[in-house]
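Novice:
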Amino acid sequence: MRSHTHYLWFTTAKRQEIIDITDEVEREVTASDVAEGFVLVSAMHITASVFVNDHESGLWADILEWLEERVAPWDPGRYRHNQTGEDNAAAHLRSLTVGHEVIVPITEGRLDLGPWQRLFYGEWDGQRRKRVVIKVLGA
Amino acid sequence: MRSHTHYLWFTTAKRQEIIDITDEVEREVTASDVAEGFVLVSAMHITASVFVNDHESGLWADILEWLEERVAPWDPGRYRHNQTGEDNAAAHLRSLTVGHEVIVPITEGRLDLGPWQRLFYGEWDGQRRKRVVIKVLGA
Amino acid sequence: MRSHTHYLWFTTAKRQEIIDITDEVEREVTASDVAEGFVLVSAMHITASVFVNDHESGLWADILEWLEERVAPWDPGRYRHNQTGEDNAAAHLRSLTVGHEVIVPITEGRLDLGPWQRLFYGEWDGQRRKRVVIKVLGA
Numbered sequence: 012m013r014s015h016t017h018y019l020w021f022t023t024a025k026r027q028e029i030i031d032i033t034d035e036v037e038r039e040v041t042a043s044d045v046a047e048g049f050v051l052v053s054a055m056h057i058t059a060s061v062f063v064n065d066h067e068s069g070l071w072a073d074i075l076e077w078l079e080e081r082v083a084p085w086d087p088g089r090y091r092h093n094q095t096g097e098d099n100a101a102a103h104l105r106s107l108t109v110g111h112e113v114i115v116p117i118t119e120g121r122l123d124l125g126p127w128q129r130l131f132y133g134e135w136d137g138q139r140r141k142r143v144v145i146k147v148l149g150a
Numbered sequence: 012m013r014s015h016t017h018y019l020w021f022t023t024a025k026r027q028e029i030i031d032i033t034d035e036v037e038r039e040v041t042a043s044d045v046a047e048g049f050v051l052v053s054a055m056h057i058t059a060s061v062f063v064n065d066h067e068s069g070l071w072a073d074i075l076e077w078l079e080e081r082v083a084p085w086d087p088g089r090y091r092h093n094q095t096g097e098d099n100a101a102a103h104l105r106s107l108t109v110g111h112e113v114i115v116p117i118t119e120g121r122l123d124l125g126p127w128q129r130l131f132y133g134e135w136d137g138q139r140r141k142r143v144v145i146k147v148l149g150a
Numbered sequence: 012m013r014s015h016t017h018y019l020w021f022t023t024a025k026r027q028e029i030i031d032i033t034d035e036v037e038r039e040v041t042a043s044d045v046a047e048g049f050v051l052v053s054a055m056h057i058t059a060s061v062f063v064n065d066h067e068s069g070l071w072a073d074i075l076e077w078l079e080e081r082v083a084p085w086d087p088g089r090y091r092h093n094q095t096g097e098d099n100a101a102a103h104l105r106s107l108t109v110g111h112e113v114i115v116p117i118t119e120g121r122l123d124l125g126p127w128q129r130l131f132y133g134e135w136d137g138q139r140r141k142r143v144v145i146k147v148l149g150a
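Protein chains in written order, with the working numbering: chain A, 12 to 150; chain B, 12 to 150; chain C, 12 to 150.
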């Protein structure tokens, strides 16, 4: 059994941002020398997400708007968590909805994704240093 | 370490549909000859989900209604993604909410599910050929 | 390859409750003797969640309120599933939103979590005996 661990660091310019990380993940799969296995890609923060979707900027704008209007409005006064001095309770709820990690199968040494699937880091409370762990397991 | 990969294909009659795939997944676990491990079941499209829930048709109707009323209304004019000529932005947001993959433990050669847990494919933009990957890893 | 399986049982005092299970999961990772691998933590019921977030009681209150107000109101008359004699359809939809399982990487024999990440069991229909499976895989 082989394993391989790598960390990606992000400091986004905007507070909310969606970043395509497919190439970085593919590079670690290659580095792992795993032909058949799984790669876990997981945000190490509770106000961020990792997800699989479409590389289309209109959709990214839709996702950010939907998180604000439907999922959890930023509105700091609405949440008890923000009485601790934070203002980011909404980012926690957005992370819970979209999820913080994905597992992708590795087949014949490649990410076994569908034709339109790409991997994204979703930053819901950025402008500071944050991290994603990539862990490959297989043979 | 053993691994086993299998693809399921779907062309649903309706645009939104929920399909129980537990038996197909169990069959691949048996074929893999893995006694202890994980099976990943993952939609290869960004407008579909794989999830674990209850085999009860009233609940399936509730899920479809909830996706429309609470999660993301279909309403094509509402989304920027649909300016690319698509009308399925809502299906992307539904996939983000419900998730596109699950991992189930395999214990003593069987899916280690609770008494009411079943595996489902959730098609949110169907009537065309789509695919799910089943990948077993273990020993 | 090593594997290790353990079940946690819960009977919550309240119908909805959030319980920190990080220490229990860490204990099983140690017992597994796995240095590099994955641990799957998965609710065996379709009206519960396992998720990663923050150990902060204000946030837990926010999550419970958000599930009721934004995600899926309990309101039993609203759902077809409840015509089967149940009243818990909302708990199913909450489980679909938050998810029922997480995978955490194991690095150098420890849960490879970020500084604020903790593991939680989310009970959305409690006051009865329910179960979570912990499964470790690695080497």
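For every residue, glycine included, the Cβ atom is placed at its ideal position computed from N, Cα and C.
Values in this document were obtained by computation on a predicted structure and should not be read as measured data.
Would you kindly work out how many angstroms separate the C-alpha atoms of B:ARG105 and B:SER43, rounded to a whole number?
Specialist: Here the alpha carbon of B:ARG105 sits roughly 32 Å from the alpha carbon of B:SER43.
Novice: Cβ atoms of C:ALA54 and C:VAL61: under 7 Å apart, would you say?
Specialist: yes
Novice: Would DSSP call A:ARG89 helix, strand or coil?
Specialist: helix
Novice: Any chance you could list the alpha helix (DSSP H) runs of at least 4 consecutive residues sitting entirely within the region 27 to 105 of chain A, in chain order?
Specialist: 33 to 43, 68 to 77
Novice: Return helix, strand or coil for A:THR23, following the three-state DSSP convention.
Specialist: coil
Novice: Would the region 30 to 50 of chain C count as touching the region 88 to 99 of chain C if we require 3 or more Cβ pairs under 8 Å?
Specialist: no
Novice: For A:VAL45, which residues in the same chain have their Cβ closer than 8 Å to its Cβ, ignoring the five residues on either side in sequence?
Specialist: Closer than 8 Å at Cβ, skipping near neighbours: ARG13, HIS15, ILE117, GLY120, VAL147, LEU148, GLY149, ALA150.
Novice: Please name the residue or residues paired with B:VAL109 in a DSSP beta bridge.
Specialist: DSSP, once it has assigned bridges, lists no residue as partnering B:VAL109.
Novice: Along the chain, where does the beta strand (DSSP E) that runs through C:GLY133 open and close?
Specialist: C:GLY133 -> beta strand (DSSP E) spans 129 to 134.
Novice: Answer with yes or no whether the minimum CB distance from B:THR22 to chain A is below 7 Å.
Specialist: Output row for B:THR22: interface = no.
Novice: For C:HIS66, which of A:GLY137, A:LEU19, A:HIS92 has the nearest alpha-carbon?
Specialist: A:HIS92
Novice: From B:GLY110, B:THR58, B:VAL50, pick the residue whose C-alpha is nearest to that of B:ARG139; which is it?
Specialist: B:THR58
Novice: Identify which residue in C:TRP135, C:LEU130, C:LYS141, C:PRO84 has its Cα closest to the Cα of C:GLU35.
Specialist: C:LEU130
Novice: I think C:VAL115 touches C:ASP123, with their Cβ atoms under 8 Å apart; what is that distance to the nearest whole Å?
Specialist: About 7 Å separates the beta carbons of C:VAL115 and C:ASP123, which is inside the 8 Å limit, making them a contact pair.
Novice: Please list, in chain order, all residues of the same chain as A:HIS56 whose beta carbon is under 6 Å from its beta carbon, the five residues on each side excluded.
Specialist: LYS141
Novice: Answer yes or no: does any C-beta atom of chain B fall closer than 7 Å to that of C:GLY110?
Specialist: yes
Novice: Just to check my reading of the structure: B:ASN64 and C:HIS103 have Cβ atoms closer than 8 Å, yes? What is that Cβ distance to the nearest angstrom?
Specialist: 6 Å
Novice: When the distance is taken between beta carbons, is B:LEU78 closer than 7 Å to A:VAL155?
Specialist: No statement about residue 155 of chain A is possible, as the shown extent of chain A runs from 12 to 150 and does not include it.
Novice: Does DSSP put B:ARG140 in a helix, in a strand, or in coil?
Specialist: coil
Novice: Does the distance from the C-beta atom of B:GLN27 to that of B:TRP135 stay below 7 Å?
Specialist: yes
Novice: Have a look at C:GLU80 and A:ARG81 and give me their C-alpha separation to the nearest angstrom.
Specialist: Spanning the two alpha carbons is a distance of roughly 11 Å.
Novice: How many angstroms separate the CA atom of A:LEU70 from the CA atom of B:ALA100?
Specialist: 7 Å
Novice: Throw me the rounded Cβ distance for the C:ILE29 and C:PHE21 pair, which I believe falls under 8 Å.
Specialist: Between C:PHE21 and C:ILE29 the Cβ distance is about 11 Å, and since that is not below 8 Å, they are no contact.
Novice: Quick one: what's got a C-beta closer than 7 Å to B:GLU47's C-beta in the same chain, skipping five residues either side?
Specialist: Taken in chain order, the residues that qualify are ILE117, THR118, GLY149, ALA150.
Novice: Since C:LEU122 sits in a beta bridge, which residues does DSSP pair it with?
Specialist: Looking at the DSSP output, C:LEU122 bridges to C:ILE117.
Novice: Are any of the Cβ atoms in chain B nearer than 7 Å to that of A:PRO116?
Specialist: yes
Novice: Whole angstroms are fine: how far does the CA of B:GLY125 sit from the CA of B:GLU76?
Specialist: 26 Å
Novice: To be precise: take each residue of the region 87 to 103 of chain C, compare its Cβ to all Cβ atoms of chain B, and keep it if any distance is under 7 Å. Which residues remain?
Specialist: TYR90, ARG91, HIS92, GLN94, THR95, ALA100, HIS103
Novice: Is there a Cβ of chain A sitting closer than 7 Å to that of B:LEU130, yes or no?
Specialist: No - not a single Cβ of chain A is within 7 Å of the one on B:LEU130.
Novice: In terms of alpha-carbon separation, which member of C:VAL144, C:GLY137, C:TYR132, C:ILE145 lies closest to C:ILE32?
Specialist: C:TYR132
Novice: Verify the CB distance criterion: does A:ASP73 have a CB-CB separation below 7 Å to chain B?
Specialist: yes
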